[in-house]
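What follows is a set of notes on a single structure, which appears directly below.
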Amino acid sequence: VLLLCFPLGRMRSVYLEMAARPFEELGGEQIVGVREGRSQTVLYLRSSLMDESVYYRLMTGAFSMSTSGELARRYMKLFVYFPIALNPDARSALLISYGVGATAKTLTDSPNLENIDIVEIADEVLEMGQLVYPGSQSPLADRRVSVHVEDGRYHLQLSKHDLITAEPPPPRHAGVCSLYSREHFQLIHDHLSEGGIASYWLPVHAITEETARSITRSFCDVFPDCSMWSGIVFNWMLVGSRGGRAPPSEEAMEQQWRDPRILPELRAVGIERPEQLGATFLADAEQLQAFIGDAQPLVDDFPKRIEDRGPSVDERAFYAAWANVDSSRRRFASSRWVREHWPAALRERTLRYFDEQRMIDNVWSSLTIVERMRELHHVLTETELRTLAVWTLGGSTDQIAAAERLIARGVPRDSLLYYVALRSLANRDYAQATRDYHRLRASRPAEKLLAVLELYTAIMSGDLERAADVVEALPSSVRSDSELVAWFDQTFGISIPRNEPTAPGPRGAPPAATQKPAGARPAGSA
Numbered sequence: 011v012l013l014l015c016f017p018l019g020r021m022r023s024v025y026l027e028m029a030a031r032p033f034e035e036l037g038g039e040q041i042v043g044v045r046e047g048r049s050q051t052v053l054y055l056r057s058s059l060m061d062e063s064v065y066y067r068l069m070t071g072a073f074s075m076s077t078s079g080e081l082a083r084r085y086m087k088l089f090v091y092f093p094i095a096l097n098p099d100a101r102s103a104l105l106i107s108y109g110v111g112a113t114a115k116t117l118t119d120s121p122n123l124e125n126i127d128i129v130e131i132a133d134e135v136l137e138m139g140q141l142v143y144p145g146s147q148s149p150l151a152d153r154r155v156s157v158h159v160e161d162g163r164y165h166l167q168l169s170k171h172d173l174i175t176a177e178p179p180p181p182r183h184a185g186v187c188s189l190y191s192r193e194h195f196q197l198i199h200d201h202l203s204e205g206g207i208a209s210y211w212l213p214v215h216a217i218t219e220e221t222a223r224s225i226t227r228s229f230c231d232v233f234p235d236c237s238m239w240s241g242i243v244f245n246w247m248l249v250g251s252r253g254g255r256a257p258p259s260e261e262a263m264e265q266q267w268r269d270p271r272i273l274p275e276l277r278a279v280g281i282e283r284p285e286q287l288g289a290t291f292l293a294d295a296e297q298l299q300a301f302i303g304d305a306q307p308l309v310d311d312f313p314k315r316i317e318d319r320g321p322s323v324d325e326r327a328f329y330a331a332w333a334n335v336d337s338s339r340r341r342f343a344s345s346r347w348v349r350e351h352w353p354a355a356l357r358e359r360t361l362r363y364f365d366e367q368r369m370i371d372n373v374w375s376s377l378t379i380v381e382r383m384r385e386l387h388h389v390l391t392e393t394e395l396r397t398l399a400v401w402t403l404g405g406s407t408d409q410i411a412a413a414e415r416l417i418a419r420g421v422p423r424d425s426l427l428y429y430v431a432l433r434s435l436a437n438r439d440y441a442q443a444t445r446d447y448h449r450l451r452a453s454r455p456a457e458k459l460l461a462v463l464e465l466y467t468a469i470m471s472g473d474l475e476r477a478a479d480v481v482e483a484l485p486s487s488v489r490s491d492s493e494l495v496a497w498f499d500q501t502f503g504i505s506i507p508r509n510e511p512t513a514p515g516p517r518g519a520p521p522a523a524t525q526k527p528a529g530a531r532p533a534g535s536a
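This is the structure:
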């Protein structure tokens, strides 16, 4: 009777589906792999464009741990890009916790590293990582990599490294608090080589203000030169070294941006220039004292200094205020640590890139179309950045890459026009973007953003005749948006009648966008 009544198949048909359903409904993600381990069930979801993978999501215990999408990759890869920039001569590295493999892949992409240790307590996580990086693409297949399926704190005691980084689960998860304690950070410090650098994830989106203060206090108690940096929105990073380091030359610090193996991924995750690395700065050791306050350090004997709840609305507001770009820029400009570690010329150029960092911080914000157009126009005319232009419009470099792979396989270009047009726009190929948006609007004539982008690209290409035709065909949703109409008028001298126009089109001289924008940075300096 028990056998007949046993709920065979319900794990796959009911419980795993319940965990995956929110991501299936919101992003069209589908379950592509399941492994039941000794202590957890590992679930992988995949987001696709047609049949091309866009990104994967790792879930353990019905919790979304991470994705391989570019926004998540940005902060995970920063754990390596940043220390390598400060210490280009690093030869050995240790990664605690494999996750989706993004940090491990960044380590194996770094040509100067000779020995890479990867420690993961769950071998099923390593096995499932083959979905993201199959076969020879896997960082685990690199001959320099040694894989250790064991406890991270235990392995720390075995050897020394020039770079130690980690991306364990968020601190509130069972058994994880010991990977954020002062004793753990002390082990990391003691097993760095002299001048070695540690980088560590601080997921403030998942913890209270008091917990974040305690963890930061623990880290800074061990690393006197501790500093805090922004990976993406509320995924922050703590950095410290053993014994400090002499500052690298500007040429040495920028070598990752000259490496053809590394540069495409730096661009894909929105760290397109060395200046953008510095613009992720939040605070140095002295400035962090205001953040830490009177918080007690998280230590092994007091694990409940990690509070059980997530951050409140007020605490999220506090994090946003602390990471405010204007405050961060002032702290960067006055930081003694920055003066000692950042080459002077690069430091001066970095100050200008905090404006772009503000846009990256807003990437998940709900912006109006006119707010997006203001940001887009700034990026396209004041910088040479491409990925930020894609993000500003809510697009994804992963989707564009998937579309390019589909086109290479013979899928008709017109069936992927949305992504093709976005690529053309980010590449400043305004004439092609205008043609792409015109074809898109043939099937979606009432869509407001497409109409705005067709008009914008026509203006930027200097095709005033096409711009006049677009104005004549604008939907009422654009004409009735007074802020948007005013922006086109003030920026380009384009008059958009509120009602159906009788004499549509640009007025007067050619639009300002066809000339060099006032205050634009010289080519090569952006």
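Going left to right, the sequence shown walks through residues 11 to 536 as the numbering used here numbers them. All C-beta atoms, glycine included, are put in the ideal place defined by N, C-alpha and C. Owing to the predicted nature of the structure, the values given are computational and were not obtained by experimental measurement.
Asked, Found
"Element boundaries [alpha helix (DSSP H), containing P93]", "80-96"
"Entirely enclosed alpha helix (DSSP H) segments - the stretch 182-267, minimum 4 residues", "192-200, 219-232, 260-263"
"Residue span of the alpha helix (DSSP H) that contains Q306, given as start and end", "Here Q306 belongs to no alpha helix (DSSP H), and DSSP marks it neither H nor E."
"Q40 in three-state terms, based on DSSP", "strand"
"Test item: CB-CB of T290 and W211 under 9 Å", "no"
"Neighbourhood of T397 by C-beta distance below 8 Å, restricted to the same chain and skipping five residues each side", "E80, R277, A278, V279, G280, E282, T407, A436"
"C-beta contact flag for W401 and V373 at 9 Å", "yes"
"Span of the alpha helix (DSSP H) around L68", "Note, L68: premise wrong, no alpha helix (DSSP H); beta strand (DSSP E) at 62-70."
"From G37, F233, P507, G71, residue whose alpha carbon lies closest to that of R56", "G37"
"Same chain, Cβ closer than 6 Å to R166, five either side skipped, listed in chain order", "Checking the displayed sequence, the identity of residue 166 turns out to be Leu instead of Arg. Taken in chain order, the residues that qualify are L197, H201."
"The stretch 121-130 contacting the stretch 182-196, beta-carbon criterion three pairs below 8 Å", "no"
"CB contact flag (M69, A29, <9 Å)", "yes"
"Contact set for A536: own chain, Cβ-Cβ below 8 Å, skip 5 residues either direction", "Summary for A536: the model assigns pLDDT 31, below 50, so the residue's position carries little reliability, and this model does not support an answer."
"Three-state secondary structure assigned by DSSP to E34", "helix"
"Beta bridge counterpart(s) of L105 as assigned by DSSP", "I128, T175"
"Distance between N245 and Y85 (C-alpha atoms, nearest Å)", "7 Å"
"Exposure of G185, with buried meaning 16 or more beta-carbon neighbours within 10 Å", "exposed"
"Nearest residue (CA-CA) to A256, options A443, P353, Q50", "P353"
"Selection from D424, L459, A456 that minimises the alpha carbon distance to R445", "D424"
"V155 in three-state terms, based on DSSP", "strand"
"Span of the beta strand (DSSP E), counted from its first residue to its last, around D294", "291-294"
"C-alpha distance - D119 paired with E275, whole-angstrom precision", "10 Å"
"Within 9 Å, strictly: CB atoms of M383 and Y329", "no"
"Environment of Y25 [buried if 16+ CB atoms lie within 10 Å]", "exposed"
"Complete runs of the alpha helix (DSSP H) confined to the stretch 350-407 [at least 4 residues]", "354-360, 364-371, 379-392, 397-402"
"Under 9 Å between C-beta atoms of Y65 and T77", "yes"
"Host beta strand (DSSP E) of F73 (start-end)", "73-77"
"Residue range of the unbroken beta strand (DSSP E) whose run includes I166", "Inspection of the sequence shows that residue 166 is occupied by Leu rather than by Ile. Run containing L166: none in the beta strand (DSSP E); it sits in the alpha helix (DSSP H), 162-166."
"Cβ-based neighbour list, D235, same chain, cut-off 7 Å, excluding 5 preceding and 5 following", "G250, S251, G254, A295, W347"
"Limits of the unbroken beta strand (DSSP E) element including R56", "51-59"
"DSSP beta-bridge partners of V45", "Note on residue identity: the sequence assigns Arg, not Val, to residue 45. Looking at the DSSP assignment, R45 forms a beta bridge with V52."
"Host alpha helix (DSSP H) of V11 (start-end)", "Here V11 belongs to no alpha helix (DSSP H), and DSSP marks it neither H nor E."
"Contacts around E204, its chain only, beta-carbon distance under 7 Å, and the 5 residues preceding and following it disregarded", "R252, G253"
"Ordered list of alpha helix (DSSP H) runs contained in the stretch 393-478, each at least 4 residues", "397-402, 407-418, 427-436, 440-453, 458-470"
"Distance between Y363 and E414 (C-alpha atoms, nearest Å)", "29 Å"
"Alpha carbon of R224 to alpha carbon of P313, nearest angstrom", "Looking at the sequence provided, one finds Ser at residue 224 rather than Arg. Whole-angstrom Cα-Cα distance: 11 Å."
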